[in-house]
Amino acid sequence: MGVRLMVVDDHRLLAEALASALKLRGHRVLAAAAPASGAADLVISRAPEVCLLGTSAPAEAGRSIPW
Numbered sequence: 001m002g003v004r005l006m007v008v009d010d011h012r013l014l015a016e017a018l019a020s021a022l023k024l025r026g027h028r029v030l031a032a033a034a035p036a037s038g039a040a041d042l043v044i045s046r047a048p049e050v051c052l053l054g055t056s057a058p059a060e061a062g063r064s065i066p067w
């Protein structure tokens, strides 16, 4: 069984493409979201094993998401 993970990036198409590729590899993708859409709350509520976080989001950089 794959890993439970979340993809967070400001480029929605990129996040969705990565999520699709990971699903094809047998991983369970809980969400593919943009940081502006409340990513920190989503990560806390879904509790993924791994979170793939984009760090160059212009509006809310990955490093500044309030965990």
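Residue numbers (our numbering): 1 to 67. Glycine included, each C-beta is placed from N, C-alpha and C at the ideal position. Bear in mind the structure is a predicted one, so any value in this text is a computation, not a measurement.
Where the alpha helix (DSSP H) containing residue i begins and where it ends
| i | result |
| --- | --- |
| R25 | Unbroken run through R25: none, as it is neither H nor E. |
| V3 | No alpha helix (DSSP H) holds V3; DSSP gives it neither H nor E. |
| A39 | A39 to R46 |
Simplified DSSP state of residue i, which is helix, strand or coil
| i | result |
| --- | --- |
| A21 | helix |
| A33 | strand |
Pair within 7 Å by beta-carbon distance, residue i and residue j
| i | j | result |
| --- | --- | --- |
| A32 | E16 | yes |
| V117 | V43 | This structure cannot settle anything about residue 117, because the visible part of the chain is limited to 1 through 67. |
| L30 | R46 | yes |
| G9 | G54 | The sequence given here has Asp at residue 9, not Gly. Yes, the pair counts as a contact, with Cβ atoms nearer than the cut-off. |
| P48 | L13 | no |
Residues near residue i by beta carbon distance below 6 Å, same chain, minus five either side
| i | result |
| --- | --- |
| V7 | A15, L18, A19, A32 and L52 |
Cross-strand partners of residue i (DSSP beta bridge)
| i | result |
| --- | --- |
| L52 | V7 |
Same chain, Cβ closer than 8 Å to residue i, neighbours up to 5 away in sequence not counted
| i | result |
| --- | --- |
| G26 | M1 and G2 |
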